[in-house]
Amino acid sequence: MHIAQLKEFLSQKTPSPSKSPGNKGPADTPSSRTPGPSSTLSKDPEVEACPICMEAIENTEKKTLQCKHSFCRDCLKRAFDYKPVCPTCGALYGTLTGTQPDGGRMDVTKSSSSLPGYEKYGTITINYYIPSGIQKPYEGASRTAYLPDSSEGRGVLKLLTRAFSQKLIFTVGRSTTSGRNNI
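Following the UniProt record's numbering, the numbering of the sequence shown begins with 1 at its first residue and continues without gaps.
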């Protein structure tokens, strides 16, 4: 992910939805509705279709998010169980948490040496330590990152610190650098 995209993503506000989606009663299940896109939708432009199931949304079962996108309550609940973002625009509702292994460390040090292109600034060094897995087999890792000790570099450091605490920096899987599995 490009640093600018990471910075934009992490700087977004994380509002909570005003009310969590509720469950529908047994009388109104997806199987009791007409399957597929409703023919009513083409006849009546006032009827809104759920972008997830493509069926007409009944007003009593409609949930509109702060981003103004509307869904069936059940569809939205299932989507939020997977990831707390609007399925249409990706607006975040809640805190996004990744799958980074527990027990990792992020150590930050500063030095007076400079990075190429940032000669008038010192350097921020970030050392990441991820221990090997105990309950799940995966190989631990150590990674080092460098940032200029400028206002922009310190801003990126804050975003990386937040991303690390939300477990968004490292995942266990196939390494894109070495091609090895469970890293």
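Quick reminder that beta carbons are idealized off the backbone N, C-alpha and C, glycines included.
I need the DSSP call for residue 194, collapsed to helix, strand or coil. A query on residue 194 cannot be resolved here, the shown segment of the chain reaching from 1 to 183 and no further.
Ignore the nearest five residues each way along the sequence and tell me which others in K110's own chain have a CB closer than 8 Å to its CB. Counted from its first residue, the sequence shown places residue 110 at position 110. Leaving aside the five residues that flank K110 on each side, the residues in its chain whose CB is nearer than 8 Å to its CB run, in chain order, G122, T123, I124, T125, D149.
May I ask you to list the residues that DSSP assigns as paired with K110? By 1-based counting over the sequence shown, the position of residue 110 is 110. In the DSSP output, where bridge partners are listed per residue, K110 has I124.
Within 10 angstroms of the Cβ of residue 210, are there 16 or more other Cβ atoms? Answer buried if so, exposed if not. Outside the displayed range of the chain (1 to 183) lies residue 210, so it cannot be described from this structure.
Are there 16 or more other CB atoms within 10 angstroms of the CB of V156, so buried, or fewer, so exposed? Taking the sequence shown and counting its residues from 1, the one referred to as residue 156 is at position 156. Classification for V156: buried.
Span separating the alpha-carbon of P131 from that of L115: On the sequence shown, position 131 is the one that residue 131 refers to. On the sequence shown, position 115 is the one that residue 115 refers to. So the two alpha carbons sit approximately 29 Å from each other.
What does the Cβ neighbour count give for C89, buried or exposed, with the cut at 16 atoms within 10 Å? Along the sequence shown, one-based indexing puts residue 89 at 89. Result: exposed.
Keeping to the same chain, check which residues put their C-beta closer than 7 Å to that of A79; ignore five residues upstream and five downstream. Residue numbering aside, residue 79 sits at position 79 when the sequence shown is read from its first letter. In the same chain as A79, and ignoring 5 residues on each side of it, the C-beta atoms closer than 7 Å to its own belong to I52, P87, in chain order.
Limits of the unbroken beta strand (DSSP E) element including F71: Walking along the sequence shown from the start, residue 71 turns up at place 71. Secondary structure note for F71: its beta strand (DSSP E) is the uninterrupted segment 70 to 72.
Determine the burial state of R105: buried for a count of at least 16 other Cβ atoms within 10 Å of its Cβ, exposed for fewer. Your numbering for residue 105 matches position 105 in the sequence shown. Answer is exposed; the Cβ neighbour count stays below 16.
Among C75, E48, D107, whose alpha-carbon lies nearest the alpha-carbon of Y146? Looking up residue 146 in the sequence shown gives position 146. Minimum Cα distance to Y146 is reached at D107.
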